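The structure appears right after this line, and notes come after that.
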Amino acid sequence: MVNRGAERYFDILIYALLIAVGIASVFPLMYVLSVSLTPYSEVTRNGGFVVIPKKITFEAYRMLFGMDTIPRAFGVTVFVAAVGTAINLALSVLLAFPLSRKKLIGRGLFIFMIVFTMMFGGGLIPTYLVVRGTGLLNTVWAMIIPGAISTFNVLVIKTFFENLPEELYESAKIDGAGEMTVLMRLALPLSLPVLMTVGLFYLVGNWNAFFSAVFYITDAKLYPLQVIVRGLLTAADRPEVNVDVTVPSTTLQMASVIAACLPVIVVYPFVQKHLTKGMLIGALKG
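Residue 2 is where the sequence shown starts when you use this note's numbering, and the numbers rise one by one after that.
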């Protein structure tokens, strides 16, 4: 009875902590969403703190998407996220599959060279010089090509391929299949969980592209959404920029934050079940 009582109190404590963490995680998003939907009169009446708006208005969103920069930046971000994620996955799979084959000549050396980049990098200046030397400055490809392959994601995919039964590869080769056929018709169809997991990592990274745009892009027409959102968030501190015309800057800022993070939030529930499974299978070798 004593043990059961202790376990019950322990469970209550765990649930209380989980609820507290959940509230702490959701509350900032609720606050931002509420302020973006609240008229300015109610925001000022509540001292700028609104959790549940009494009246809802979409004026901030109408003004936000009525600006010339937002739809253009949104299009750039969608292109970088879609095309960049496709390139990321293609290159990562093409690199991870050969490394997963134990008969590959020089396999250990190649893996060492790849893992070495996780501990030591060339730095910002050499990377900038490479980007400039290849003519990628002021192009959307500057936000895609330099970070096209993530070493961590490659290792996760490689480990997943290694966990596939070797008998499947051998039976396919007996039937006359080559390495590319084995990859496309056998390995990839069985790799949906890890591909969805890695794809989500790449998608979020490409969608939140900011530093690459700041470093490599000077043409305002090529700025992604995150750079524009940062400009709106810091506009109040820059008197030379006036975005507070018909909608107060606070509501416009909050609307821009919601517009920037909402697509990723919408996509996540559809890949959540693959995320956990892919990480467990791809990170552990049985």
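From the three backbone atoms N, C-alpha and C, an ideal C-beta is built for every residue, glycine too. Predicted, not measured: the structure shown is a model, and the values here were computed from it.
Three-state secondary structure assigned by DSSP to residue i
| i | result |
| --- | --- |
| D69 | coil |
| S29 | Before going further, note that residue 29 is Pro rather than Ser in the sequence given. Here P29 sits in helix by DSSP. |
| V230 | helix |
| D245 | Since pLDDT at D245 reaches only 41, below the 50 mark, its modelled position is unreliable, and the value read off the structure follows with that caveat. D245: coil per DSSP, three-state reduction. |
| F211 | coil |
| D220 | coil |
| I145 | coil |
| G179 | coil |
| S192 | helix |
| L14 | helix |
| T140 | coil |
| P127 | helix |
| N122 | Note that residue 122 corresponds to Gly in the displayed sequence, not to Asn. Residue state, collapsed to three classes: coil. |
| I20 | helix |
| I150 | coil |
| P270 | helix |
Proximity of residue i and residue j at Cβ, strictly below 9 Å
| i | j | result |
| --- | --- | --- |
| L156 | A97 | yes |
| F66 | A260 | yes |
| N139 | T219 | yes |
| Q170 | V77 | Here the sequence assigns Tyr to residue 170, which means Gln is not the residue at that position. No, they are not a contact pair. |
| V265 | L204 | yes |
| A188 | F162 | yes |
| A61 | M255 | yes |
| P99 | E167 | no |
| N209 | A149 | no |
| S26 | P54 | no |
| C262 | L30 | yes |
Counted within 10 angstroms of its Cβ, other Cβ atoms place residue i as buried (16 or more) or exposed
| i | result |
| --- | --- |
| T114 | The amino acid occupying residue 114 in the given sequence is Met; Thr does not appear at that position. Counting Cβ neighbours within 10 Å, M114 comes out exposed, since fewer than 16 surround it. |
| I24 | exposed |
| I159 | It should be noted that the sequence gives Lys, not Ile, for residue 159. With 16 or more Cβ atoms within 10 Å of its Cβ, K159 is classed as buried. |
| M197 | buried |
| G107 | exposed |
Below-9 Å beta-carbon distance, residue i vs any chain C residue
| i | result |
| --- | --- |
| V215 | No chain C appears in this structure, which consists of one protein chain only. |
Identity of the residue in the options nearest residue i by Cα
| i | options | result |
| --- | --- | --- |
| M120 | V94, N207, G134, T152 | T152 |
| P194 | G85, V272, L233, L184 | V272 |
| I146 | V116, Y170, N207 | N207 |
| M64 | P264, T235, L253 | L253 |
| F28 | A83, V52, G109, V199 | V52 |
| L201 | L125, T78, L95, A82 | A82 |
| F212 | R46, Y41, M144 | M144 |
| I229 | T86, R102, I71, L18 | I71 |
| V33 | T251, P270, V268 | T251 |
| V116 | V44, N154, L92 | N154 |
Every unbroken alpha helix (DSSP H) inside the region 34-113 [4 residues or more]: Runs of the alpha helix (DSSP H) lying entirely within the region 34-113, each at least 4 residues long, are 41-46, 60-67, 70-101 in chain order.
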